[in-house]
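One structure is given below, encoded as structure tokens.
In our numbering, the protein residues as written are 4 to 469.
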């Protein structure tokens, strides 16, 4: 091997055209298409990614000529049949071949094609055996490193680690997981494809964090690796806080004493020095506004890692932007309970609201008065291309992603509010039957009140009493 990332065995067998031998008999009739009209052979390189994946990359020959794309084939050398062709457009020059068997040698073949047909193919052979042997030596050491990272993160703040797992699981289980689960663990990605099923299977097999921290030494490396990926972030840290911090949030947002439920769990987002410096430079001498942003649980994995993005907002009645409000009850309307992580100590059904810091900038549209005046500043009250007119009171529409960031997360757990007595539990179980009985009773009363016989005896009863 040339290096740790290259193949153990790589042999060229160039010049073979699909469906054609290297030599022809004197009596053969050649088609009208000449070799000059077919694409030349591309240069093919094979890089070993891991014990089950290789990456094929290629460079079109200078003499390649006009071509429409490439065809990639691969097979185990002891088999006759190829897997493929994998047809790729002309602008693609790399492809990951996954789910390989490390115990055998593979043949990889690539050719270019155009409207005249297929050009000659380039062939490479690759073995993953040495990679497996090397990986086997490194696996215990790598597992210890991953386990150490997980134990440190989970031990430092178990609730915060649990929340990360819940938000990750919510995004993974979403019907729009391709966009919700960003970032995505690279181990489960190959080329342009994402192996959601394998990731979901591994996630469902994860133990609770408590079980993991008390686990026996033979916990699989892939379990430690997945937990390590979920709990790692270079730009922010989630920190659980006491519920008394909620009073501070009420003051910052100017919340009234309305009957809004307090969150079951409260978390503060701590950013790295570079992120804090950038936000401070953007802010300058401007004031900060604090407001709530409601969204589905599945969106918060991406919101935390990528920030709130104006162009992804679906609510656009008052123009494009990120919508926030100073009224928590309004934000809760946009934060329905969703399915999180089944093994979470927070609860498997959660709702989440973000408390955001907003820089008081003209690109933040809201109802504010002009300086030294009681008149509303119309420039601040309306977003460009707004269909609904001015932004309503208690709302903020932020049209610049750099002007806001998440500072707190309010988490509501459905299980925290399930303390019904036995009677209410019975009513909840038989609600439909009880409602039907009441409805039938109402119909009987209405029918009886319209009956002459009923009215006759009714009047006689009252007359006799008189």
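From the three backbone atoms N, C-alpha and C, an ideal C-beta is built for every residue, glycine too.
The structure presented is a predicted model; accordingly, all values stated were derived computationally and were not measured.
Annotated as proximal: residue 215 and residue 230, with beta-carbon spacing under 8 Å.
Taking the Cα positions, residue 400 is about 39 Å away from residue 204. Residue environment analysis places residue 334 among the buried positions, since at least 16 neighbouring C-beta atoms fall within 10 angstroms of its C-beta.
Here the stretch 92 to 109 lies against the stretch 41 to 57, with 3 or more beta-carbon pairs under 8 Å apart. Counting other Cβ atoms within 10 Å of its Cβ, residue 275 stays below 16 and is therefore classed as exposed. Beta-carbon to beta-carbon, residue 353 and residue 341 are separated by about 7 Å, close enough to satisfy the 8 Å threshold. Look at the beta carbons and you see the stretch 391 to 410 not touching the stretch 436 to 450: under three pairs across the two are nearer than 8 Å. The Cβ-Cβ distance between residue 436 and residue 270 does not fall below 8 Å. Rounded to whole angstroms, residue 79 and residue 240 show a C-alpha spacing of 46 Å.
By the Cβ test, the stretch 408 to 420 is in contact with the stretch 288 to 307, since at least three Cβ pairs between them sit closer than 8 Å. The residue from 404, 457, 263 with its alpha-carbon nearest to that of residue 329 is 263.
For residue 161, the enclosing alpha helix (DSSP H) stretches over residues 161 to 175.
Closest option to residue 179, judged by alpha-carbon separation, among 300, 156, 210, 250: 300.
The stretch 238 to 310 contains, as complete beta strand (DSSP E) runs of 3+ residues, the segments 239 to 244, 268 to 274, 291 to 297 (chain order). Around the beta-carbon of residue 443, fewer than 16 other beta-carbon atoms lie within 10 Å, marking it exposed.
Contact between residue 42 and residue 117 holds, with the beta-carbon distance rounding to 6 Å and staying under 8 Å. Its Cα nearest to that of residue 232, the residue 156 stands out among 359, 413, 156, 125. The continuous stretches of beta strand (DSSP E) do not include residue 230, which lies in the alpha helix (DSSP H) extending over residues 224 to 234. When secondary structure is reduced to three states using DSSP, residue 57 falls in the strand class. The bridge partners DSSP lists for residue 196 are 193. Collapsing the DSSP output to three states places residue 76 in a strand.
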